[in-house]
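*Asks:* Under the numbering used here, the first residue of the sequence shown is numbered 5, with each subsequent residue one higher.
For glycine and all other residues, C-beta sits at the position ideal for the given N, C-alpha and C.
All values reported here derive from a predicted model rather than from experimental measurement.
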Amino acid sequence: MLNNQQEKLLSNKSIQKFFDNKYTLTTDRSDQLLEILSSLSYYLKSFSNINKFLDYSALISKHIFDNQSTLIIPLNEKGEIWTENIKFSGNIKDSNIDNEIKCYFDNLDFTKNFKIKEISYFDSELSKEFEECEIKSYKILSRGKCRGFFYTFNQSSSNNNSRNEHILNFIVNSLAAGLENYSLLKTKKKHENVDREINTGAEIQSQLLPDYCPIISGVDLAAHCRPALQLGGDYYDFMSLKTNISEKKREKARWALVIGDVMGKGIPAGLLMTMLRGMLRAEVLTGLPPDRILHDLNQLAIYDLDQSHRFVTLFYSDYDPRTKRLRYANAAHNPPLLWKNSEQKIIKLDTEGLVLGLQKEAEYQCCQIQLKKNDVIIYYTDGVTDTSNARGERFDEERLVSCFVDLCKQSLDSKIILNKIFKTLDDFTGKNRQLEDDASIVIFRVE
5 MLNNQQEKLL SNKSIQKFFD NKYTLTTDRS DQLLEILSSL SYYLKSFSNI NKFLDYSALI
65 SKHIFDNQST LIIPLNEKGE IWTENIKFSG NIKDSNIDNE IKCYFDNLDF TKNFKIKEIS
125 YFDSELSKEF EECEIKSYKI LSRGKCRGFF YTFNQSSSNN NSRNEHILNF IVNSLAAGLE
185 NYSLLKTKKK HENVDREINT GAEIQSQLLP DYCPIISGVD LAAHCRPALQ LGGDYYDFMS
245 LKTNISEKKR EKARWALVIG DVMGKGIPAG LLMTMLRGML RAEVLTGLPP DRILHDLNQL
305 AIYDLDQSHR FVTLFYSDYD PRTKRLRYAN AAHNPPLLWK NSEQKIIKLD TEGLVLGLQK
365 EAEYQCCQIQ LKKNDVIIYY TDGVTDTSNA RGERFDEERL VSCFVDLCKQ SLDSKIILNK
425 IFKTLDDFTG KNRQLEDDAS IVIFRVE
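#1: Check each candidate in H299, V223, H228 and name the one with the smallest Cα separation from V359.
#2: Might you give, ordered along the chain, the residues of its own chain that have their beta carbon closer than 6 Å to the beta carbon of A366, omitting 5 neighbours on each side?
#3: Determine whether the beta carbon atoms of L330 and V405 lie at a separation below 8 Å.
#4: Between which two residues does the alpha helix (DSSP H) containing F315 stretch?
#5: Counting along the chain, where does the beta strand (DSSP E) carrying S444 start and finish?
#6: Would you identify the three-state DSSP class for E356, choosing helix, strand or coil?
#7: Please classify D442 as buried or exposed, where buried requires at least 16 other C-beta atoms within 10 Å of its C-beta.
#8: Taking the beta carbon of N158 as the centre, do at least 16 other beta carbons fall within 10 Å, making it buried, or is it exposed?
#9: Grouping DSSP H, G and I as helix and E and B as strand, with all else coil, what is P339?
#10: From which residue to which residue does the alpha helix (DSSP H) around Y239 run?
#11: If you reduce the DSSP assignment to three classes, tell me which class Q438 lands in.
#12: With distances taken from CA atoms, which of Y240, K194, I219 is nearest S250?
#13: Identify which residue in T327, Y383, E347 has its Cα closest to the Cα of L353.
#14: Buried or exposed for S65, going by 16 or more other Cβ atoms inside 10 Å?
#15: Let's see if you can read the secondary structure: which residues bound the beta strand (DSSP E) around A226?
#16: Classify S141 as helix, strand or coil using the three-state DSSP reduction.
#17: Once DSSP output is grouped into helix, strand and coil, what is the label at N25?
#18: So G264 is in the beta strand (DSSP E); what residue range does that whole segment cover?
#19: Please confirm if W86 has its CB atom under 8 Å from at least one CB of chain C.
#20: Here's the rule: buried if 16 or more other CB atoms are within 10 angstroms of the residue's CB, otherwise exposed. What is R258?
#21: How about the stretch 308-323 and the stretch 274-289: do they share at least three Cβ pairs that are nearer than 8 Å?
#22: Can Y240 and V388 be called in contact, C-beta distance under 8 Å?
#23: Please state whether DSSP places T30 in a helix, a strand or coil.
#24: Taking buried to mean at least 16 other C-beta atoms within 10 Å of its own C-beta, is C107 buried or exposed?
#25: When you compare the CB positions of D379 and V450, do they come within less than 8 Å of one another, or not?
#26: Can you grab the Cα-Cα spacing for the pair Y323 / K376, in whole Å?
#27: Check for me: the beta strand (DSSP E) holding Y155 runs from which residue to which?
#28: Name the one or two DSSP bridge partners that D322 has.
#29: Provide the residue(s) that pair with N414 in DSSP beta bridges, ordered along the chain.
#30: For C370, name the three-state secondary structure that DSSP assigns.
#31: Between which two residues does the alpha helix (DSSP H) harbouring F126 extend?
#32: Exposed or buried, E182, counting other C-beta atoms within 10 Å across all chains shown (16 or more means buried)?
#33: Which of the three DSSP states, helix, strand or coil, is assigned to T389?
#34: What is the residue span of the alpha helix (DSSP H) that I68 lies within?
#35: Using only the alpha-carbon positions, how far apart do R398 and D390 sit?
#36: At what residues does the alpha helix (DSSP H) containing K253 begin and finish?
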């Protein structure tokens, strides 16, 4: 059958003719059967309307089998009876059973709180209600999952030959494929909607991270976040403690530099990171020292973090370009590494302090250090040191320190140091290997 002939057979007009019992084919019985079954196969490959497909399946049953009524009870993707798509077709001559069956199902409440295991009870009730009929039931199965039920009502045994059984099995299998296809289409659409939302969330989150480093007098900055998934739990930020002054004056004012990591990754971590960012930005404007900032932030966020069963590590520092002094406090984050150029050694910038969200009255310690020309600090998250290669070896802090020291000795710009560290990380993990956690790095170099 040509495609345009098949489409004509599947048109609303043709279906209505079937309903009116006026549709006839000019070919003989065998050719009719071949055309109808062929059109059903064609429909399976091209259908987009499940209601129309079920209507057509019911009409085929009516057209092919004499002296028989059929009932299609589909299940939705949750395994519940799909009430609005139950289909009945009757073709029993000289009998009122068609109307009886229709009335019976119109008044039936078996669809409420239905469970598949209860179908046997429903079968026995049908047999009692329609004793004059031979009732056969077929499970509509696809990939081991029940997609619905198909019933035939016969007043004679003339329809029970093997040929009709083969045709019935074909129709039931076609229904199974059609219902599964529809379920897959719905699942695909749902996933596409989720993907769109995640992409939108990732776009918003990327806008929350600084898209460029600010100009701070006497400082060369570079930063980059590489999330393991589209949404990540890493966070870094640069915030001026003075907002009501000119850009030129702001360059020489005190700046806050912060890096943090929400436990986990993906959507939950990304949402918590966004929440934490808003709280922190409000706290920074108070101008309090780093230990007080962390203390207040912990008290503000602890309820939300406790409810989510997650915690946050955060390193907070502020820098005064006029004195070149850096104050800092740590909430159990990976301590940044300071390259003291004059002494040619690494110093860890660490203080005592619990993670945010663990203990309401947690206390934090504040320290400060004097920076000098060509001193370099690397702020990073544990996604950098915890990255592993194909052999299961971690990049670890020792490799990071070694790489960082070699680059600092070359007196390179911050951006070059940043890029070379990520290149070393990529070489270590191997080509096209997925990051296990978000990895963020900030390079702070005193000019």
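*Replies:* Walking through what the data contain:
#1: H299
#2: N302, L358
#3: no
#4: Run containing F315: none; DSSP gives neither H nor E here.
#5: 443-450
#6: coil
#7: buried
#8: buried
#9: coil
#10: Where Y239 is concerned, there is no enclosing alpha helix (DSSP H), although the beta strand (DSSP E) it sits in stretches over 238-244.
#11: coil
#12: I219
#13: Y383
#14: buried
#15: 223-230
#16: strand
#17: Note that N25 scores a pLDDT of 44, beneath 50, so its modelled location is shaky; the value from the coordinates is reported in the next line. N25: coil per DSSP, three-state reduction.
#18: 259-266
#19: The displayed structure is made up of one protein chain only, and chain C is not part of it.
#20: buried
#21: yes
#22: no
#23: The predicted position of T30 is uncertain, since its pLDDT is 43 and thus under 50; a value taken from the coordinates is nonetheless stated next. The answer is coil: DSSP assigns T30 none of H, G, I, E or B.
#24: exposed
#25: yes
#26: 12 Å
#27: 149-158
#28: A260, R331
#29: Sequence inspection shows Gln at residue 414; the Asn mentioned does not correspond to that position. For Q414, which the question treats as bridged, DSSP gives no partner whatsoever.
#30: coil
#31: 123-133
#32: Correcting the residue identity first, residue 182 is Gly in this sequence and not Glu. G182 is buried by the Cβ-count criterion.
#33: helix
#34: 54-68
#35: 6 Å
#36: 251-255
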